[in-house]
Every structure is written in structure tokens, then in C-alpha cells.
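To start, the structure itself, in C-alpha cells.
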Amino acid sequence: FEGDDAECALLRPLLKNTNLEFLPLRKAYDARRDGWTAEKWHGKVDATGPCIVVAKTKGGALCGGYAPKGYAGYGEYRGSIAAFLFSWPDGDVSAPVIKLQKVGGAGLATVDEPETGPRFGMDGLVIRMDPGAERCAAEQQEAAHTLATHPRRTRSPHSLHTRTRHTPCPNTLATLSPH
Numbered sequence: 777f778e779g780d781d782a783e784c785a786l787l788r789p790l791l792k793n794t795n796l797e798f799l800p801l802r803k804a805y806d807a808r809r810d811g812w813t814a815e816k817w818h819g820k821v822d823a824t825g826p827c828i829v830v831a832k833t834k835g836g837a838l839c840g841g842y843a844p845k846g847y848a849g850y851g852e853y854r855g856s857i858a859a860f861l862f863s864w865p866d867g868d869v870s871a872p873v874i875k876l877q878k879v880g881g882a883g884l885a886t887v888d889e890p891e892t893g894p895r896f897g898m899d900g901l902v903i904r905m906d907p908g909a910e911r912c913a914a915e916q917q918e919a920a921h922t923l924a925t926h927p928r929r930t931r932s933p934h935s936l937h938t939r940t941r942h943t944p945c946p947n948t949l950a951t952l953s954p955h
């Protein structure tokens, strides 16, 4: 897309066939710029429309998710069959990305609570921003690997019950939404 910066250009192929595919993107929220609190995140992201959340972990993984209905901070579970998670587990963006489509129905695509950061499903990808929480992204890497290598599986990455790996990711969270 003409005018994309390096970060948007990297993510643009993930947005094929989404409602962000042809829209110019802006960085609505950047933890380094805006601060690491749920209130600040929701203040920048709520009511901006569909968005893509990107986190870089302390271990180097680049991961995130697409929220086609965006966020509003009303304390609701938002459904969408178009939501997905993605990850470059070792941070090597020249390698193929692991992209996990939402399966098992539209329910629980995102959890939109004003006191927390972005959540995809109950435990698919959780960015803790609530008071007193360590800055971390809880991501089910084992689930991502399993679904990527066994694409015929029908269990949702939003409801898998595998061991969750917590990885600190200080000040490395961004949310991109339409201009």
C-alpha cells in the first residue's frame, strides 16, 4: 500500500481480504509514546474501528491479532469469524508468519473490557495492562504451532487448553487502525 511505513508494510499481507486491506493505517496506540495502562490503550483505540494489535516480546517474538470489530471498552465479548492471531515466534520476519484463523464459530473473538488491554478469546492472546499486572503477553505458542502444522484441526485457538507461556514485553505494544 502506497504510503505505508515499514511496520505497516510488514503487516499489510496479513490484512488481505479484511476490511483494512485497502485503508491507510495509522499507529493509534504505541506503549512507548502513550504509556502502559488499559485506560490509555482504550483512550487511543476505542471507537476507531477495526484494528491490528502488535506486540514484541522480550524474547523477540512478534505476535498479535486482528480485531475486525475493533474495541469500545464496554465490557463485552465481541464475536467475529474474521478475527485471527499471528506470530513470528522467533522474531524472524523473513520467515513465513504463523496465521491462525478464528474457527469454531464467531463467539469470543475478542474480550473488550475497559480494565484490561487487548484480549483475543479467553486465552488466545492476552496483553495484561490491568493495575499491578506485570507487562506481559500471554500467548499460546504451542497451540499456534499445533494448528499451523495440523491445519485440519477444528478446535479454536481462542479456546485451546494448552500450557500458556507468559513472556514479558515491556513497552512494545502497538495498535494500528484506519486513518
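In terms of the numbering used here, the sequence shown opens at residue 777 and continues consecutively. No residue lacks a Cβ here, since even glycine has one placed at the ideal position from N, Cα and C.
Coarse secondary structure for residue i, derived from DSSP in three states
i, result
"Gly-819", "helix"
"Leu-838", "strand"
"Glu-721", "Since the first and last residues shown for the chain are 777 and 955, residue 721 lies out of range."
"Leu-801", "strand"
"Leu-791", "helix"
"Ala-814", "helix"
"Ala-807", "helix"
"Glu-778", "coil"
"Lys-845", "coil"
"Tyr-850", "coil"
"Leu-796", "coil"
"Thr-833", "coil"
"Pro-961", "Since the first and last residues shown for the chain are 777 and 955, residue 961 lies out of range."
"Ile-828", "strand"
Rounded C-alpha distance that separates residue i from residue j
i, j, result
"Lys-820", "Pro-872", "30 Å"
"Phe-777", "Lys-832", "23 Å"
"His-955", "Ile-857", "24 Å"
"Glu-797", "Arg-788", "7 Å"
"Gln-917", "Pro-865", "In this prediction, Gln-917 scores a pLDDT of 41, lower than 50, which makes its location untrustworthy; no coordinate-derived value is stated."
"Gly-841", "Pro-907", "23 Å"
"Tyr-850", "Leu-786", "31 Å"
"Trp-817", "Leu-791", "22 Å"
"Asn-795", "Pro-890", "24 Å"
"Pro-826", "Thr-813", "20 Å"
"Asp-780", "Glu-852", "32 Å"
"Met-905", "Met-898", "15 Å"
Beta-carbon contacts of residue i that lie in its chain and below 6 Å, excluding the five residues immediately before and after
i, result
"Ser-932", "Here the model assigns Ser-932 a pLDDT of 38, short of 50, so the residue's position is not dependable and the matter cannot be decided."
"Val-830", "Gly-840 and Ala-950"
"Pro-894", "Val-829 and Ile-903"
"Gly-883", "Gly-855"
Own chain partners of residue i with C-beta closer than 7 Å, once the 5 adjacent residues on each side are dropped
i, result
"Arg-854", "Lys-845, Ala-885, Thr-886 and Asp-888"
"Ala-823", "Ala-848"
"Asp-806", "Ala-950"
"Gly-836", "Asp-866 and Gly-867"
Own chain, CB closer than 8 Å to residue i, minus 5 neighbours either side, in chain order
i, result
"Gln-877", "Phe-860"
"Cys-784", "Phe-777, Leu-801 and Leu-952"
"Leu-838", "Val-830, Ala-831, Lys-832, Ser-863, Trp-864, Gly-867 and Val-869"
heavy atom of the ligand MN below 7 Å from residue i C-beta
i, result
"Asp-810", "Among the components of this structure there are no ligands whatsoever, and the ligand MN is therefore not found."
Please list the segments of the beta strand (DSSP E) lying wholly inside the segment 863 to 905, counting only runs of 3 or more residues, in order along the chain.
874 to 877, 886 to 888 and 901 to 904
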